[in-house]
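Engineer: For the sequence shown, the working numbering begins at 8 and goes up steadily by one. Before we start, here is the structure in question, set down as structure tokens.
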Amino acid sequence: MTPTLRTRRLLLEPYVPEDEDGFVALFQDERVSRWMGDGPATEAADRALFGRIFTKVYAQELFDVWAVRGDGVLIGHAEIKPTDVVGGHEIIYALAPAAWGSGLGTELAEALVAYGFGTLGLTEVHATVAAPNTASLALLSRIGFVHTRDVREDDGSTTRVLTRTPAGMDQLT
């Protein structure tokens with residue numbers, strides 16, 4: 008079962024059915040969805056994705072997925088899951104544009120990494136980022152992620168694979 012996590016300003020907790028409209032609004036915002044998965048999807052597809060969080064991910068305990076709240080309001084989405092692309096566990100996170108530029112992305116990413124190393128006992132945590140997403144690349148670099156390789160996508164774009172080890176945490180202190 009996905010546990011509840013707390014940071015100084017954020018609450019990460021399992022989604023509840025009442026989060027559906029907020030989830031869909033987050034994923035329908037093209038400023039957010041352009042960097043998620045294959046990019047913007049239809050509202051119906053995002054609603055179906057939300058449903059699968061309950062019927063598949065939580066029901067089968069496949070991996071951890073959180074609603075991210077700031078001041079009690081849904082402001083983001085977070086996951087840590089095993090993926091073949093990186094050959095290990097990848098963090099995935101998104102915040103509503105209203106939360107950008109306040110350090111919440113860093114706080115969220117650090118919480119996911121700490122959970123991966125501490126609770127899951129991982130020796131590496133990965134992230135995949137579209138090459139043009141310079142904000143996320145800079146954020147991850149600041150918190151100890153190192154570019155390890157590039158993946159050439161079917162559409163010709165490049166995805167950067169970044170990796171952090173527990174030693175990367177030591178370098179930050």
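The beta-carbon is built from N, C-alpha and C at its ideal position, and this holds for glycine as well.
1) Quick one: what does DSSP say Thr-155 is sitting in, helix, strand or coil?
2) What is the rounded straight-line gap between the Cα of Arg-59 and the Cα of Pro-47?
3) Of the residues Leu-19, Leu-56, Val-80, which one's Cα is nearest the Cα of Val-31?
4) Hey, Thr-9 and Tyr-65: beta-carbon distance below 8 Å or not?
5) Would Ala-138 pass as a contact of Thr-170 if the rule is Cβ separation under 8 Å?
6) By Cβ distance below 8 Å, which residues in the same chain neighbour Val-39 in space, the five residues on each side in sequence not counted?
7) Locate the beta strand (DSSP E) running through Val-132, then write down its first and last residues.
8) Hey, how far is the Cα of Gly-29 from the Cα of Ala-85?
9) As an exercise, report each continuous alpha helix (DSSP H) stretch of at least 4 residues that is fully enclosed by the stretch 80-149, in chain order.
10) Closest to Arg-156 by C-alpha separation, out of Ala-142, Pro-173, Thr-135, would be which residue?
11) Please name the residue, chosen from Arg-54, Gln-35, Gly-95, Pro-24, that lies closest to Gly-128 on a Cα-to-Cα basis.
12) My guess is that Ala-118 and Leu-17 are in contact by the Cβ rule of under 8 Å, so how many angstroms apart are they, rounded?
13) With respect to the alpha helix (DSSP H) encompassing Gly-46, which residues constitute its N-terminal and C-terminal limits?
14) How far does the alpha helix (DSSP H) with Val-31 in it extend, from its first residue to its last?
15) Taking only three categories from DSSP, how would you classify Leu-17?
16) Can you look up Ala-74 in the DSSP assignment and give me helix, strand or coil?
17) Nearest by alpha-carbon distance to Ser-143: which of Gly-112, Gln-67, Gly-44 is it?
Structural biologist: If we stick to the structure as given:
1) In the sequence shown, the residue the question calls residue 155 occupies position 148. Thr-155: strand per DSSP, three-state reduction.
2) Translated into positions along the sequence shown, residue 59 becomes position 52. Translated into positions along the sequence shown, residue 47 becomes position 40. If I take the Cα positions, the gap works out to 18 Å.
3) By 1-based counting over the sequence shown, the position of residue 31 is 24. Closest by alpha carbon: Leu-56.
4) Within the sequence shown, numbered from 1, the residue matching residue 9 stands at position 2. Within the sequence shown, numbered from 1, the residue matching residue 65 stands at position 58. Yes, these two residues count as a Cβ contact at 8 Å.
5) In the sequence shown, counting from the first residue as 1, residue 138 sits at position 131. In the sequence shown, counting from the first residue as 1, residue 170 sits at position 163. Not a contact, by the Cβ cut-off of 8 Å.
6) Taking the sequence shown and counting its residues from 1, one reaches residue 39 at position 32. Same-chain partners within the cutoff: Leu-33, Ala-101, Leu-102, Ala-103, Pro-104.
7) In the sequence shown, residue 132 corresponds to position 125, counting from 1. Per DSSP, Val-132 belongs to the beta strand (DSSP E) from 132-137.
8) Mapped onto the sequence shown, residue 29 falls at position 22. Mapped onto the sequence shown, residue 85 falls at position 78. Going by the C-alpha atoms only, they are around 14 Å apart.
9) 111-125, 141-149
10) Taking the first residue of the sequence shown as position 1, residue 156 is located at position 149. Of the listed residues, the one whose Cα sits closest to Arg-156 is Thr-135.
11) Translated into the one-based positions of the sequence shown, residue 128 becomes position 121. Checking every option, the nearest Cα to that of Gly-128 belongs to Gly-95.
12) Within the sequence shown, numbered from 1, the residue matching residue 118 stands at position 111. Within the sequence shown, numbered from 1, the residue matching residue 17 stands at position 10. Right, their Cβ atoms sit about 7 Å apart.
13) Here residue 46 refers to the residue found at position 39 when the sequence shown is read from its first residue. Premise fails: Gly-46 is in no alpha helix (DSSP H) and is neither H nor E.
14) Mapped onto the sequence shown, residue 31 falls at position 24. Its alpha helix (DSSP H) spans residues 27-35.
15) Numbered from its first residue, the sequence shown carries residue 17 at position 10. In this structure, DSSP gives Leu-17 a state outside helix and strand, which the three-state scheme calls coil.
16) Walking along the sequence shown from the start, residue 74 turns up at place 67. Strand.
17) The residue you call residue 143 lines up with position 136 of the sequence shown. Nearest neighbour of Ser-143 by Cα position, chosen from Gly-112, Gln-67, Gly-44, turns out to be Gly-112.
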